[in-house]
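Undergrad: Protein chains in written order, with the working numbering: chain X, 27 to 92; chain F, 20 to 476. Built from N, CA and C at the ideal position, the CB exists for glycine as well. Just so we're clear, the structure is a prediction, and the values are computed from it rather than from any experiment.
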Amino acid sequence: MSDKEVNRVEKQIVQLATSRPVFYSDILHELKGEDYRTIMLAFGQIRTKKLFDRDKQGRYVVKSSS
Amino acid sequence: MSRQELRTFVQEYGEAHPGGVLRINEPVSLSLEHQAIVEEFERRRRSPIILFEHILGSDIPIICNVYASRRAFAFALGVDEAELPMEYVRRMGEYIKPTVVDDPPFLNAVQEGKKVDITKLPVPSYYPGDGAPYFTAGMLVAKDPDTGVGTAGYHRLQLKGPNKLGVSLHSRRRMFEYQRRAEAQGKNLEVAIVLGLHPILGMAALSYPPADISKWEVAGGLFCEPLQISACTNIDLMVPTWAEIVIEGEILANVREPEGPFGEFTGYFSRRSTQHVFEAKAICMRMNPWFQSIGSGRVSDHIMPLALLREAEIRKAVSRVIPNVKDVYVPNSGASAFTAYVSIKQTRPGEAKHVIPIVLGVDHYLKLVVILDDDIDVFDETDVLWAIATRVQADSDIITIPSSLGAILDPSATAQGLTAKMGIDATRPFGEEFGERLKMDPEKVAWAQEFVTRLGG
């Protein structure tokens, strides 16, 4: 897949985590039309950019400074 | 084909045990589905080896549940299930040095440098709540930076990016120590992650050989022949020749990043982690590889090998000091880690209490040990609990040890992994009068069995 695809999915994941705290499985569920590997790559980019924190339940939330 | 190859084992096991290997052709998603299927078989008390041939979004099939049954391990050793514990103990002490083989099949396809992309592998997600997709069947291989002695062990690996994995070395055994030694020298620890291995290699990796013995020598003893090993391409390590996939890289010195949560053998999500980071340098694969997965959480695929190993090690340790060990069971109810039931035939007063600290000392995960008489079936927990109910007085038969080294993943342990340990002497007082156990006339038992069978029961 292309970088463009991965970037598009990255934005979707960030949007989702902005709306509510999410587990990784919630992301897979909400983006179930997307390719599993594209989601892995997009999530890898999010990790590299350190965009997310975790709440007490271990769910991903967008860092307040992001 | 080699008898040290996972594929050979699966084929021969399936031929010897019809129904023992299940090939699933229907599409299965990497998102929770394969774990859900393994759990459903577990609920039905079935433990087939499962080959998921059609993984959505991947050309690589997933082999799972290879380690789920005592029957499969007995088959791997070529013995009956009843002989498994003793044979495991016997062979674990017979070290055979490995032999080096050139041109291993896993060098068929090699990605190096910027071409490395772990996300091309079918890395599953196991439970809602897991932090990311995980490798569960990745055997980490490394060498002691001081002595050069090799080790191998299973550690959870969180997918973080195309060349990056999070790794937790929470068992705090050899790999943890080797990494600590490398880090003290300011060096990364070279590590190979090996997937798709014969179950005997799983048994060897979990063993506790002396510090100067490598796990490959243990594997040789278990195979009754030298383990075939081959050189990696980018790092100075040898790995099993018949591996399906090998990821070569390093655990980085002085780098820690959040890792987890992950559904652990305890039956809980674990957020505790040593938070190490692995960086991949190369991925090597044989032609049409199998990706191995070990079911997560408390499923047998994950914890059965741990139970077998502990049973073997406890039997070995106790047999040194007590002549009549009958049975040892490390039950699933104790996550195959924390609890052990040991039955003995008492020949001297005090033997049961003598044995308790010996069993607890076998493995720092063990925290509850029950010593029973030989009339108790340790594999029947109702029988064990009956013995505790009728043969134990709490003020004299329970021993506790506070603040001992425990499992860091035990949610009841402290954050540093300290735990209290308990031993229960559930044996009858030796040489003293005690209640007489109810027992039916054996002839009437046989008669009743025939009678009930005739009634269609």
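Note down, in chain order, all residues in the stretch 162-196 of chain F with a beta-carbon under 9 angstroms from any beta-carbon belonging to chain X.
TA: Cβ contacts with chain X come from LEU178, LYS179, GLY180, PRO181 and LYS183.
Undergrad: What residue range does the alpha helix (DSSP H) around TYR50 (chain X) cover?
TA: As a first step, residue 50 (chain X) is located in the first sequence; it is residue number 24 there, counting from the start. It spans 50-56 - the alpha helix (DSSP H) in which TYR50 (chain X) sits, taken as one unbroken run.
Undergrad: Quick one: what's got a C-beta closer than 8 angstroms to ILE39 (chain X)'s C-beta in the same chain, skipping five residues either side?
TA: Position 13 of the first sequence, counted from the start, is the residue given in the question as residue 39 (chain X). Answer for ILE39 (chain X): ILE53, LEU57, ILE65, ALA68, PHE69 and ILE72, listed in chain order.
Undergrad: Do the CB positions of GLN365 (chain F) and ALA359 (chain F) come within less than 8 angstroms of each other?
TA: Taking the second sequence and counting its residues from 1, the one referred to as residue 365 (chain F) is at position 346. Taking the second sequence and counting its residues from 1, the one referred to as residue 359 (chain F) is at position 340. Going by C-beta atoms, GLN365 (chain F) is not nearer than 8 angstroms to ALA359 (chain F).
Undergrad: Closer than 8 angstroms, CB to CB, is GLY59 (chain X) near chain F or not?
TA: Locating residue 59 (chain X) in the first sequence gives position 33, where the first residue counts as 1. With 8 angstroms as the cut-off, GLY59 (chain X) does not count as an interface residue toward chain F.
Undergrad: In terms of alpha-carbon separation, which member of F:VAL135, F:LEU428 and F:PRO368 lies closest to CYS303 (chain F)?
TA: In the second sequence, the residue the question calls residue 303 (chain F) occupies position 284. CYS303 (chain F) has its Cα closest to that of F:VAL135, out of F:VAL135, F:LEU428 and F:PRO368.
Undergrad: Using a Cβ-Cβ distance cut-off of 8 angstroms, determine whether LEU67 (chain X) contacts chain F.
TA: Along the first sequence, one-based indexing puts residue 67 (chain X) at 41. True, the Cβ-Cβ gap to chain F drops below 8 angstroms.
Undergrad: Starting from the Cα of SER315 (chain F), find the closest Cα among F:VAL296, F:PHE288, F:TRP309 and F:ARG305 and give me that residue.
TA: As a working mapping, residue 315 (chain F) is identified with position 296 in the second sequence. Measuring from the Cα of SER315 (chain F), the nearest candidate turns out to be F:PHE288.
Undergrad: What are the boundary residues of the alpha helix (DSSP H) that GLY475 (chain F) is part of?
TA: In the second sequence, the residue the question calls residue 475 (chain F) occupies position 456. Here GLY475 (chain F) belongs to no alpha helix (DSSP H), and DSSP marks it neither H nor E.
Undergrad: Quick one: is LYS477 (chain F) near chain X, going by C-beta distance under 8 angstroms?
TA: Coverage of chain F is limited to positions 20 through 476, which leaves residue 477 (chain F) absent and any answer about it impossible.
Undergrad: Taking its Cβ as the centre, do 16 or more other Cβ atoms sit within 10 Å of ALA35 (chain F), making it buried, or is it exposed?
TA: Within the second sequence, the letter at position 16 stands for residue 35 (chain F). With fewer than 16 other Cβ atoms within 10 Å, it is exposed.
Undergrad: Since LEU54 (chain X) meets chain F, which of its residues come closer than 7 angstroms, beta carbon to beta carbon?
TA: For the purposes of this step, residue 54 (chain X) is identified with residue 28 of the first sequence, where counting begins at 1. Per Cβ cutoff of 7 angstroms: SER50 and SER144.
Undergrad: So is PRO152 (chain F) in contact with chain X if we call contact Cβ pairs under 8 angstroms?
TA: Residue 152 (chain F) sits at position 133 when you count from the first residue of the second sequence. Yes, PRO152 (chain F) lies at the interface with chain X (some Cβ there is under 8 angstroms from its Cβ).
Undergrad: Whose Cβ in chain F lies nearer than 8 angstroms to the Cβ of SER51 (chain X)?
TA: By 1-based counting over the first sequence, the position of residue 51 (chain X) is 25. SER50, LEU51, SER144, TYR146, PRO147, GLY148 and ASP149, listed in chain order.
Undergrad: Closer than 7 angstroms by C-beta to SER92 (chain X): which residues in its own chain qualify, once you throw out the five before and the five after it? Chain order, please.
TA: In the first sequence, the residue the question calls residue 92 (chain X) occupies position 66. With a pLDDT of 49 at SER92 (chain X), under the threshold of 50, the predicted position of this residue should be treated as unreliable, though the coordinate-derived value follows. The residues are LEU77.
Undergrad: Give, in chain order, every residue of the stretch 277-288 of chain F whose Cβ lies closer than 9 angstroms to some Cβ of chain X.
TA: So the close ones are PRO277, GLY279, PRO280 and PHE288.
Undergrad: At 8 angstroms on the CB atoms, spell out the chain X contacts of THR138 (chain F), in chain order.
TA: Here residue 138 (chain F) refers to the residue found at position 119 when the second sequence is read from its first residue. Those are ARG63, MET66, LEU67 and GLY70, listed as they occur along chain X.
Undergrad: Quick one: using the 10 Å Cβ neighbour count with 16 as the cut-off for buried, is VAL57 (chain F) buried or exposed?
TA: For the purposes of this step, residue 57 (chain F) is taken as residue 38 along the second sequence, with counting starting at 1. The residue in question, VAL57 (chain F), is buried, as its Cβ has 16 or more Cβ neighbours within 10 Å.
Undergrad: Measure how close the beta-carbons of SER249 (chain F) and VAL120 (chain F) come, nearest whole angstrom, since I'm counting them as under 8 angstroms.
TA: On the second sequence, residue 249 (chain F) is found 230 positions in, with the first residue counted as 1. On the second sequence, residue 120 (chain F) is found 101 positions in, with the first residue counted as 1. The Cβ separation is near 5 angstroms, so the contact holds.
Undergrad: If I'm right that TYR197 (chain F) touches THR170 (chain F) with Cβ under 8 angstroms, what's the distance once you round it to whole angstroms?
TA: The residue you call residue 197 (chain F) lines up with position 178 of the second sequence. The residue you call residue 170 (chain F) lines up with position 151 of the second sequence. About 6 angstroms separates the two Cβ atoms, so the contact holds.
Undergrad: Is it right to say ASP429 (chain F) is buried, meaning 16 or more other beta carbons lie within 10 angstroms of its own, or is it exposed?
TA: Residue mapping note: residue 429 (chain F) aligns to position 410 of the second sequence, counting from 1. Answer is buried; the Cβ neighbour count reaches 16.
Undergrad: Three or more beta-carbon pairs under 8 angstroms between the stretch 88-99 of chain F and the stretch 198-216 of chain F, yes or no?
TA: Touching, no, given that fewer than three Cβ pairs across the two stretches are closer than 8 angstroms.
Undergrad: DSSP three-state call for ALA151 (chain F): helix, strand or coil?
TA: By one-based count along the second sequence, residue 151 (chain F) stands at place 132. Residue state, collapsed to three classes: coil.
Undergrad: What three-state label does DSSP hand ALA68 (chain X) in the structure shown?
TA: Along the first sequence, one-based indexing puts residue 68 (chain X) at 42. Looking at ALA68 (chain X) - three-state DSSP - the assignment turns out to be helix.
Undergrad: What are the start and end residues of the alpha helix (DSSP H) that includes LEU404 (chain F)?
TA: Numbered from 1 along the second sequence, position 385 holds the residue referred to as residue 404 (chain F). Run containing LEU404 (chain F): 400-410, per the alpha helix (DSSP H) assignment.
Undergrad: What is the rounded straight-line gap between the Cα of PHE49 (chain X) and the Cα of GLU31 (chain F)?
TA: Locating residue 49 (chain X) in the first sequence gives position 23, counting from the first residue. Locating residue 31 (chain F) in the second sequence gives position 12, counting from the first residue. Going from the Cα of PHE49 (chain X) to the Cα of GLU31 (chain F) covers about 41 angstroms.
Undergrad: What residues of chain F sit near ARG73 (chain X), judged by a beta carbon separation below 7 angstroms?
TA: Stepping through the first sequence from its first residue, residue 73 (chain X) is reached at position 47. Neighbours of ARG73 (chain X) on chain F, chain order: LYS179 and GLY180.
Undergrad: What in chain X is Cβ-close to GLY314 (chain F), meaning under 7 angstroms?
TA: As a first step, residue 314 (chain F) must be located in the second sequence, where it is residue number 295. Simply none; closest approach about 16 angstroms.
Undergrad: Assuming contact is defined by CB atoms lying nearer than 8 angstroms, are ASN207 (chain F) and ILE270 (chain F) in contact in what I supplied?
TA: Counted from its first residue, the second sequence places residue 207 (chain F) at position 188. Counted from its first residue, the second sequence places residue 270 (chain F) at position 251. For ASN207 (chain F) and ILE270 (chain F), yes; Cβs fall inside 8 angstroms.
Undergrad: Determine the chain X residues that contact GLY76 (chain F) at a beta-carbon separation under 8 angstroms, and present them in chain order.
TA: Position 57 of the second sequence, counting from 1, holds the residue named residue 76 (chain F). Chain X residues near GLY76 (chain F): ASP61, TYR62 and ARG63.
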